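Reading through the structure tokens given below for one structure.
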Amino acid sequence: AQSVTQLGSHVSVSEGALVLLRCNYSSSVPPYLFWYVQYPNQGLQLLLKYTSAATLVKGINGFEAEFKKSETSFHLTKPSAHMSDAAEYFCAVSEGGAQKLVFGQGTRLTINP
Amino acid sequence: EAEVAQSPRYKITEKSQAVAFWCDPISGHATLYWYRQILGQGPELLVQFQDESVVDDSQLPKDRFSAERLKGVDSTLKIQPAELGDSAMYLCASSHRDRDTGELFFGEGSRLTVL
Chain A
241 AQSVTQLGSH VSVSEGALVL LRCNYSSSVP PYLFWYVQYP NQGLQLLLKY TSAATLVKGI
301 NGFEAEFKKS ETSFHLTKPS AHMSDAAEYF CAVSEGGAQK LVFGQGTRLT INP
Chain B
58 EAEVAQSPRY KITEKSQAVA FWCDPISGHA TLYWYRQILG QGPELLVQFQ DESVVDDSQL
118 PKDRFSAERL KGVDSTLKIQ PAELGDSAMY LCASSHRDRD TGELFFGEGS RLTVL
């Protein structure tokens, strides 16, 4: 069964600094990987997804993530943080088709002015 | 842009009362999911439908929770009786049956507070 571990429940960076949110996964088959963002009292919005094409995936709002099979990782980065990036971020893994999506515990990103 | 619709957005109820949540997925999406998200945690799957059939309800507390999708379109999740520990965000999501990525589209969620 697949699983996701997000390292760090809370990350705080200064505005303009690099954002790095860590995600490691476990899957018995080649996985599909996702990052979702959640603003307070809202649903989840897809940031980006890895579906076995390019290992470096670009998403919305300037975020990108790199799939590293050897490290079983899918870390999320953004070169320069903006105040509007403050939110909860979830990494998720799927084994494809109509299989369920399994989420990590989430990382709360805080941006300091 | 097509969206997953959920109602109500917020529900406050007393312990032992019955509550119900409704979800209308994106048109044409055969797969529908109900997730529960406790504050500070990631969403956890409660039940998955393929058309009108349940394909995974292994994490649904069946003594008090029920879910149906009678015509394979919209769905209702019911809790009876509600307990304090049921306070959470209930998220509905949908996806294409034949998509091979497993990407889900989420609604805004229904926030339940049990007093």
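These protein sequences, in sequence, are chains A and B.
For the record, in the first sequence the residue sitting at position 2 is 242 according to the working numbering, with numbers rising by one throughout.
For the record, in the second sequence the residue sitting at position 38 is 95 according to the working numbering, with numbers rising by one throughout.
All residues carry an ideal CB built from backbone N, CA and C; glycine is no exception.
Quick caveat, the model's predicted, so the values are computed rather than measured.
- In chain order, A75 and R121 place their CB closer than 7 Å to the CB of Q137/B, counting only its own chain and leaving out the 5 sequence neighbours on each side.
- With contacts defined by Cβ atoms closer than 9 Å, L287/A and F163/B do not form a contacting pair.
- Annotation note: the segment 62-106 of chain B contains the following uninterrupted beta strand (DSSP E) runs of length 3 or greater, listed N- to C-terminal: 62-64, 67-70, 76-81 and 88-94.
- For G166/B, the nearest beta carbon of chain A is closer than 9 Å to its own beta carbon.
- For A124/B, the enclosing beta strand (DSSP E) begins and ends at F122 to E125.
- Distance check between K318/A and each of T295/A, L349/A, S266/A and K308/A places L349/A closest, using alpha-carbon atoms only.
- One alpha carbon belongs to A59/B, the other to L89/B, and they sit about 15 Å apart.
- Three or more pairs of CB atoms, one per stretch, sit closer than 8 Å, so the segment 306-313 of chain A contacts the segment 253-269 of chain A.
- Between the C-alpha atoms of H153/B and H86/B there is a straight-line separation of about 5 Å.
- Close to chain A, meaning a Cβ-Cβ distance shorter than 9 Å, are the following residues of the segment 95-126 of chain B: G97, Q98, G99, P100, E101, L102, Q105, Q107, V112 and D113.
- Around the beta carbon of R66/B, a 10 Å sphere encloses fewer than 16 other beta carbons of the protein chains shown; the residue is thus reported as exposed.
- Here V259/A is near A321/A, since their CB atoms are less than 9 Å apart.
- The Cβ atoms of V104/B and A124/B sit closer than 9 Å to each other.
- Setting aside the 5 residues that flank it on each side, L273/A is surrounded in the same chain by Y290, F314 and V333, each with a C-beta closer than 6 Å to its C-beta; the list follows chain order.
- Of the residues V130/B, T133/B and L169/B, the one whose Cα lies closest to the Cα of S144/B is L169/B.
- Take the alpha-carbon of L296/A and the one of G302/A: they are about 13 Å apart.
- Annotation for E328/A: Q278, G346 and R348 place their beta carbon closer than 6 Å to its own, counting only its chain and skipping 5 residues before and after.
- Listed along the chain, the chain A residues whose CB falls inside 7 Å of the CB of F163/B are G283 and L284.
- In the structure shown, L117/B falls within a coil segment according to DSSP collapsed to helix, strand and coil.
- If one requires a minimum length of 3 residues, the beta strand (DSSP E) runs lying completely within the segment 279-310 of chain A are 284-290, 296-298 and 304-308, in chain order.
- When D325/A, S252/A, H250/A and P271/A are compared, the shortest CA-CA separation from V244/A is found for P271/A.
- Close to chain B, meaning a Cβ-Cβ distance shorter than 7 Å, are the following residues of the segment 340-351 of chain A: K340, L341, F343, G344, Q345 and G346.
- Nearest C-alpha to Q116/B among S73/B, I69/B and Q94/B: Q94/B.
- The three-state secondary structure of L261/A, taken from DSSP, is strand.
- If you compare the alpha carbons of S110/B, P118/B, Q63/B and P100/B with that of E140/B, the shortest gap goes to P118/B.
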